[in-house]
Ligand SMILES: Nc1ncnc2c1ncn2[C@@H]1O[C@H](COP(=O)(O)OP(=O)(O)OP(=O)(O)O)[C@@H](O)[C@H]1O
Ligand SMILES: [Mg+2]
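Dropping the structure here:
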């Protein structure tokens, strides 16, 4: 498995960068910064997961947040102490109100459940292409949301599920982000990843070269769902409170804007986009609250963040549909850069 | 409607490994292919010519599973192929290139070949031998381009990438749809040599579509002439060149190019 090592090596530089970010926040940041940094890593996991399917297959996916939600609710139900569950969800089915697991076991079960639901939904969705596929994923998002809102016995519905003990901190989030990036790189470099990219490039040619589209798409879909689910677990075990709206349109558009801005065809694009949008989003959020800048009191502008995300998506789709990094990974850009230097000499 | 000059049995050579028999396909009541039969033996290079809109590409699409025929059957090594989708045809050993180039534009030349290799390897039986990546890159003269993205290459090179990719499937029959289109004199001469070399080295049958009659006459052992969806003539290059019907179609009907009427 030489390309496993290769993918590992290619993950090293982003990993070092992320760990440095984490160390800086831990050393110099306050509680607020830790929170922002943690959410950055959660989003990075989700965007890397999104890239695995959407970036390689070139099929737009709007349903990924449903997997974050499924994993988050699953881990919440399994890990929250029974004493609390007796008041939160006393009528939970399958005796779920009476079991309590440690957070590792709970997370593993939550991810396994997400993978199974991913596989089942993939059986239907991976048959579709183009617009039909995208609408199908949107339908998945809405269906799962409706279940969260209405299966009150287990999710508490629109009232938040709160009281999940905080089990994770920044180091876990960094570790998960590095793992997600590594797995995404490994899949992209693998033979199935290459076949999926070929199908995203030219569907008919890929089929005529014998690519089993459904098989490679399904594999990517399940992997993608599981990674995104990992983001959901991270979210639940840090925030302590989850609600159906934590995994709905706002988050969907935030993560999609991140992927599109950086360039969905590469994992490096996913990392870059997540970073830039996260920074920009914090800035815009400050503006939204009407800060005082150089003695000038700005008005509060509700909805500015939503506008910001929408603008990013529209502007990039129109002007730079391949995103900032195009189709290439960091090391491809670096190699091209060195080649240009050599050519100039 | 023009009647088929050649009868069906004479269209299929006795040692044919690959036969597409009585293929018909219509679009909205217009026949693009109308009872056409073509065959190909091992080591044979077969040409398929005809004016624009004759139905050549449609016939190739039917054979490779891209388009579903209304009628007809396809046999490879004596067994009828029930596969109806392009991926099944590819795995059965029918490899093709496209008239409107369809390389994987964001992938490098080498990766283009790897895709076909990966799917071919799953299916390939021990008797279907297949060249390695490097052999194919060398054979199609793609060494200098091997790590470049396909979209950056000139059309002529992209067509060679498509051929290399098709060969990576380890096919039993190879279909080339206008492989020399957009190539200059030298390139098409080199391609001609390459096609001969492919035939010699791998030994499977090759069916070539092209408008360049000189190219076809030079490279092919046998030629089918198609017009309005039907095979109107067939034979060795000499006899096809002298055939009066062919001359009429090529010279007399030039202005009537386009959709045939059913
Ligand atoms: N998908 C389609 N839908 C409708 N009509 C089609 C379709 N594909 C081909 N045709 C028609 O079928 C006829 C045969 O087309 P085809 O492309 O097979 O011709 P050809 O011999 O390959 O021509 P050329 O030399 O220009 O490539 C044409 O009249 C074309 O308009
Ligand atoms: Mg054609």
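Residue numbers (our numbering), protein chains in the order written: chain A, 240 to 584; chain B, -5 to 256. Glycine is no exception: its CB is placed at the ideal position from the N, C-alpha and C atoms. Computed from a predicted structure; not experimentally measured.
Contact test: residue 278/B Cβ vs ligand 2 heavy atom, cutoff 7 Å: The structure shown does not extend to residue 278/B, since chain B is modelled only from -5 to 256, so the question has no answer here.
Cβ contact check for the region 473 to 483 of chain A and the region 537 to 550 of chain A: 3 or more pairs under 8 Å: These segments do not touch.
Beta-ladder partner(s) of residue 268/A, from DSSP: Residue 268/A is not bridged to any residue.
Option nearest residue 348/A by Cα separation, candidates 323/A, 312/A, 329/A: 312/A
Candidates 177/B, 159/B, 235/B, of which the one nearest residue 84/B by Cα: Proximity to residue 84/B across 177/B, 159/B, 235/B peaks at 159/B, based on C-alpha coordinates.
Contact set between residue 448/A and chain B, taken where Cβ atoms lie within less than 7 Å: By Cβ distance, chain B contributes 84, 109, 110, 113, 159, 163.
Best match in 45/B, 17/B, 144/B, 112/B for proximity to residue 69/B [C-alpha to C-alpha]: 17/B
Closer than 8 Å to chain B by CB, residue 440/A: yes
Extent of the continuous beta strand (DSSP E) to which residue 487/A belongs: That residue, residue 487/A, is in no beta strand (DSSP E); it is neither H nor E in DSSP.
Residue 433/A beta carbon less than 8 Å from that of residue 108/B: yes
Integer-rounded CB distance, given that residue 352/A should sit under 8 Å from residue 393/A: Between residue 352/A and residue 393/A the Cβ distance is about 12 Å, and since that is not below 8 Å, they are no contact.
Span of the beta strand (DSSP E) around residue 171/B: Per DSSP, residue 171/B belongs to the beta strand (DSSP E) from 167 to 171.
CB contact below 8 Å: residue 129/B versus chain A: no
8 Å Cβ cutoff, residue 504/A in contact with chain B: yes
CB-CB length for residue 281/A against residue 406/A, believed under 8 Å: At roughly 14 Å, the Cβ-Cβ gap does not stay under 8 Å, so residue 281/A and residue 406/A are not in contact.
Distance, residue 148/B Cα to residue 181/B Cα: 12 Å
Where residue 353/A sits in the DSSP three-state scheme: helix
Cβ-heavy atom distance, residue 209/B to ligand 1, below 7 Å: no
Residue 19/B beta carbon near ligand 2 (any heavy atom closer than 7 Å): Exclusion of residue 19/B from the 7 Å shell around ligand 2 follows from its C-beta lying no nearer than that to any non-hydrogen atom of the ligand.
Segment limits, beta strand (DSSP E) that includes residue 221/B: 216 to 221
Any non-hydrogen atom of ligand 1 closer than 7 Å to residue 51/B Cβ: For ligand 1, a non-hydrogen atom lies closer than 7 Å to the CB of residue 51/B.
Chain B within 8 Å of residue 443/A, Cβ atoms only: yes
Beta-carbon proximity list for residue 5/B, same chain, < 8 Å, skipping 5 on both sides: 31, 32, 33, 218, 225, 228
Span of the alpha helix (DSSP H) around residue 513/A: Taken as a continuous stretch (DSSP letters only), the alpha helix (DSSP H) holding residue 513/A covers 506 to 527.
Rounded C-alpha distance that separates residue 244/B from residue 446/A: 35 Å
Expected contact under 8 Å - CB spacing of residue 39/B and residue 207/B to nearest Å: Contact doesn't hold; Cβ gap of about 15 Å is too wide.
Bridge partner(s) assigned by DSSP for residue 400/A: Answer is 481/A, bridged to residue 400/A.
Cutoff 8 Å: residue 81/B Cβ touching any chain A Cβ: yes
Proximity test, residue 46/B beta-carbon vs ligand 1 heavy atom, cut-off 7 Å: yes
Partners in chain D for residue 98/B, counting only beta-carbon separations shorter than 8 Å: Absent here is chain D; the protein component of the structure consists of chains A and B.
Heavy atom of ligand 2 within 7 Å of residue 141/B beta-carbon: no
Three or more C-beta pairs below 8 Å linking the region 17 to 29 of chain B and the region 166 to 181 of chain B: The region 17 to 29 of chain B makes no contact with the region 166 to 181 of chain B: fewer than 3 CB pairs, one atom from each, lie closer than 8 Å.
Paired residues, beta bridge with residue 21/B - DSSP: DSSP, once it has assigned bridges, lists 24/B as partnering residue 21/B.
Reduced DSSP category for residue 430/A - H, G, I as helix; E, B as strand; rest coil: helix
Beta-carbon gap between residue 520/A and residue 494/A smaller than 8 Å: no
Option nearest residue 298/A by Cα separation, candidates 373/A, 356/A, 247/A, 418/A: Measuring from the Cα of residue 298/A, the nearest candidate turns out to be 373/A.
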